[in-house]
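What follows is a single structure, written as structure tokens, with notes after it.
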Amino acid sequence: MKDKFIKAQQEKLTLGVIDRRQFMTSAIAAGIAIPTALSLASDAIAATPKKGGKFRMGLGHGSTTDTLDSGTSENHFTLVNGYTFGNHLTEINNEGKLVGELAETFESDDGKTWVFNLRKGVEFHNGKTMTSEDVLASYEHHMGEKSTSAAKGSLSPVKSIKADGKYKVIMELDSPDTDFPYIVSDYHISIRPAGDMTSGVGTGGYIVQSFEPGVKSVLKRNPNYWKEGAAHFDEVELLSIVDPNARQTALISGEIDAMDRVDLKTINLMKRNPNINIMQATGTAHYTFPMRLNVDPFGDYDLRMALKWAVDRQELVDKILLGYGAVGNDIPIGTANYFHNSDLPQREFDADKAAFHYKKSGHSGKIQLSAADAAFAGAVDAAQLMANSAKKAGIDIEVIREPNDGYWSNVWNNDAKGWCACYWGGRPAETMMFSAAYVAESKWNDTMWKTTDSAVKFNQLVKDARKELDESKKRDILYECQRLIYDDGGLLCPLFNSYVSANSKKIAHGKIAANWDSDGAKCVERWWFA
Amino acid sequence: MHPVVKTVLERLGLGLATLFFVSIIIFSAIEMLPGDFGQAILGQAALPETVAAFRQELGLDKPAYIRYFDWALGAIQGDLGTSFSGRNASGADRSAEVVDKIAPRLWNTLFLASMAALIAVPLSLILGILTALYHNSFFDRSVNTATLTTISFPEFFVAYILILFFASLNQIFPSLANVDPDTNFGERIYRTALPAFTLTLVIVAHMMRMTRAAIINLLASPYIQMAKLSGASQTEIILKHALPNAWAPIATVIAFNLAYLVVGVVVVEVVFVYPGVGQLMVDAVRTRDIPVVQGCALIFAVTYILLNLIADIIGIVTNPRLLHPK
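Chains as they are written, first to last, in the numbering used here: chain A, 4 to 533; chain B, 486 to 811.
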């Protein structure tokens, strides 16, 4: 009985369903001594990687307009493919920690001037040695005046970039940002050889053999890969299989070894298959319903508060995510983030509080909520459920079903609609998430939370946080930022969705990262055949 | 001039005129698509300046009629323009020619269509003739029921059923038909077996029933009665006397179904992950890759017009009355 339990827990640990601490707690609760429990945990995780084999993965994205230029990378297929053949200055490891990648180390005294010390002896697939010249060219590709790179916005704080010798790059920001090294780990900003930003030559663990947009990418291992203990497969085939049923059939019949985005409706059937593991990781991705403060009636604090209390979040997790996710707490920072403010009480459905605030707001009549499944799968259903629960508090929400086409230009972040559904992939660093959508100058500030006292204070605090090099002080500031959004902001964030994927039991791996789907989109470099 | 040649030339001229009107319709329909290419490819995160830079570079700010003539003149010379995707303004332009994008996909689609046609056309002709020969028999009724059943289900359902039995429960054929240009011929046939069977099941009923009906119709005509009286056998009557007069309607239906195989199989392509031209067009619509959409639509139009033209010609040249004018 006990053995069986421990075995199950071990499996959960390797799948990333529970972490090491949770494993230890349950093992000790089951009456196992601490040293034994520790070694049990290591047994489960530290299976040594083996080299070899052909890894075939089916991905639920990919389109004929995809390219190998990381600047236009916009879907999970290009993301996984990009991380497979390319490296970046920094990376987020599977523990969620930021570490150097092509930059061996990076440092700053004031948060404004960043020095990246490049790794020596790294070779591109074309045989050229990687130096500061290539880093400069790669950054120019995303920062140039006419650049159409999607990373242009996130690199806009970079005032100047210059090389200091062959292995040192210095970047000067226009204002301090202690989280800047997170930005350079972004999948868009891949380091390529100077003069060739688009043909798919990188420094990564695999070399692109052929790439057919919207169909597949074929790669083979880079024998000169610099990274230790990474890139274990001999050959890799990434397939774009957009139809979930086709993807699942391919996994069941053994035509692929792993897949992303399991269809939650049929997940129980998949679970019954003895050769398949289901994995889930709750990361930074979340579903939101932003209320625009500059559109009536959402400028009213009590009305916003009434709506925040009127949502049955657990019901949404159960019915929209079928349990694969977590309740949100009206902050865009999830438990996977390092400085997640866990002191804020979890908001739950409370008809009395909702009715109290609604009455205080003095609003009457219908409140319109726009939704389309373009925002996220099940957004319209989620809006209907919210309307139902709000009715219990006497609030009348009218759900407007919007067309999927043009949703991001005509509905979201548009003053024509005060309240709509949206999703965010989240960001690894808190200040990055705030900069993306919550600071006053952001173009994607979809709540228009800019002028209230709390918002003004928030904007100042985010600037302070970017300057702060001391961790505990930074924590205090970021906690306060989250409290301000939680209390006053226009953000209604009821759900953090999990990434649910499946793979054949032949595949082995360490702890699963949660910053992106597919082990931080780096599964190809991290996994191996058991 | 021989009347057959004259009719063929007439039809050809009509076909070209149709193509001209179709090209105008395609162009205006695409003009009316909502949304914006820049926004569609750059996603939720695109900044207005970035989108504006894209639009200018692609010439989307020019008036529609100028863009139509640019496109139509190019298309006549076999140049369908350059795809909108794969561009970036920092110097490198990796955007592909539309022709280069469509050609490999079109080859895949034609391959699958020929596979399906090679099975479906003879099968439905034989079944049609046999059911006409033995009409109202048990054989006739069971073939009719079976083919009507398969045509009644949506094609993705037929596809999933085939996957269930031939790929999932018994792993005889692969469920993924992901071929690439390096796939050899035998492997290609093996990989496209299930999609070809699916398409066969979907189109057989239409062709087979038309064959049967056309022949049975003729069996009531006086000249068949005459043949019967002169002692010809049933097989001889059908193959020698009825069939030549039945070719016209049969050819029309076959042409219609072949055209469908080329232009309408996007659902089957998605289910079997087959890199065909339908998927390319759907992707292109989603990302507003207008030159690719226009190119695909034009090729589809040509396919329809061409196949119908061939059917017309077959109808004419097999028609004894037209072949031997008084």
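A virtual CB, placed ideally from N, CA and C, is assigned to each residue, including glycine.
Taking 8 Å as the cut-off, the beta carbon of Phe-58/A is found closer than this to the beta carbon of Asp-260/A. With respect to the 8 Å criterion, Ser-141/A and Ile-95/A are not classified as neighbours on the basis of their beta carbons.
In the DSSP assignment, Ile-323/A falls outside any alpha helix (DSSP H), carrying neither H nor E. For Pro-659/B, the neighbours in chain A by C-beta distance under 8 Å run, in chain order, Ser-256, Glu-258.
Each residue's CA atom was taken as its position, placing Met-435/A and Ile-510/B some 47 Å apart. Counting along the chain, Ala-698/B sits inside the alpha helix (DSSP H) bounded by residues 678-704. Note that the segment 764-775 of chain B does not touch the segment 675-688 of chain B; fewer than 3 beta-carbon pairs, one per stretch, sit closer than 8 Å. For Lys-219/A, the neighbours in chain B by C-beta distance under 8 Å run, in chain order, Asn-663, Asp-665. Asn-120/A has Thr-108/A, Lys-171/A as its beta-bridge partners, per DSSP.
The Cβ atoms of Ala-386/A and Ala-374/A sit closer than 8 Å to each other. Taking C-beta atoms as the reference points, Leu-267/A and Gly-493/A fail to come closer than 8 Å. Proximity of the segment 658-674 of chain B to the segment 715-723 of chain B falls short of the contact definition, fewer than three beta-carbon pairs being nearer than 8 Å. The residues Phe-352, Ser-392, in chain order, have a CB closer than 6 Å to that of Asp-315/A in the same chain once the five nearest residues on each side in sequence are set aside. Assignment of beta-bridge partners to Glu-126/A by DSSP yields Thr-132/A. If you check each beta-carbon in the segment 749-765 of chain B against every beta-carbon of chain A, the ones closer than 8 Å belong to Val-755, Val-756, Phe-757, Val-758, Pro-760, Gln-764, Leu-765. Taking 8 Å as the cut-off, the Cβ atoms of Ala-313/A and Ile-403/A do not count as close. The Cβ atoms of Ser-513/B and Pro-776/B lie no closer than 8 Å to each other. Residues of the same chain with a CB within less than 6 Å of the CB of Val-628/B, apart from the 5 flanking positions on each side, are Leu-612, Thr-616 in chain order. Asn-506/A is bridged by DSSP to Ala-261/A, Asn-280/A. Within its own chain, the residues whose Cβ lies closer than 6 Å to the Cβ of Leu-92/A, once the five positions on either side in sequence are excluded, are Leu-105, Ala-106, Phe-119, Val-187, listed in chain order.
Collapsing the DSSP output to three states places Tyr-426/A in a strand.
Using a CB distance cut-off of 8 Å, Phe-539/B counts as an interface residue toward chain A.
For Leu-746/B, the closest C-alpha among the options Asn-593/B, Thr-632/B, Ala-727/B is that of Asn-593/B. Scanning His-512/A, Thr-181/A, Thr-70/A for the CA closest to the CA of Lys-466/A turns up Thr-181/A. The DSSP-derived three-state label of Phe-379/A is coil.
Leu-242: these are the residues of the segment 228-243 of chain A whose beta carbon lies less than 7 Å from some beta carbon of chain B, given in chain order. Membership of Ile-480/A in any beta strand (DSSP E) is not indicated; the residue belongs instead to the alpha helix (DSSP H) covering 474-491. Only exposed fits Ser-475/A, as fewer than 16 other CB atoms lie within 10 angstroms of its CB. Of all residues in the segment 641-656 of chain B, only Tyr-645, Ile-648, Ala-652, Ser-653, Gln-656 come within less than 8 Å of chain A when Cβ atoms are compared, listed by chain position.
Fewer than three Cβ pairs drawn from the segment 401-416 of chain A and the segment 333-347 of chain A lie within less than 8 Å of each other, which leaves the two stretches out of contact. In the DSSP secondary-structure assignment, Asn-742/B is not bridged to any residue. Per DSSP, reduced to three states, the secondary structure at Asn-391/A is helical.
Beta-bridge partners assigned by DSSP to Lys-219/A: Glu-215/A, Leu-242/A. Within chain A, Thr-67, Thr-68 have C-beta atoms less than 9 Å from the C-beta of Asp-774/B, given in sequence order.
Contact check for Leu-222/A and Val-239/A: beta-carbon distance about 4 Å, within the 8 Å limit, so the pair qualifies. Ranking Glu-126/A, Val-330/A, Ala-468/A by CA distance to the CA of Gln-317/A puts Val-330/A first.
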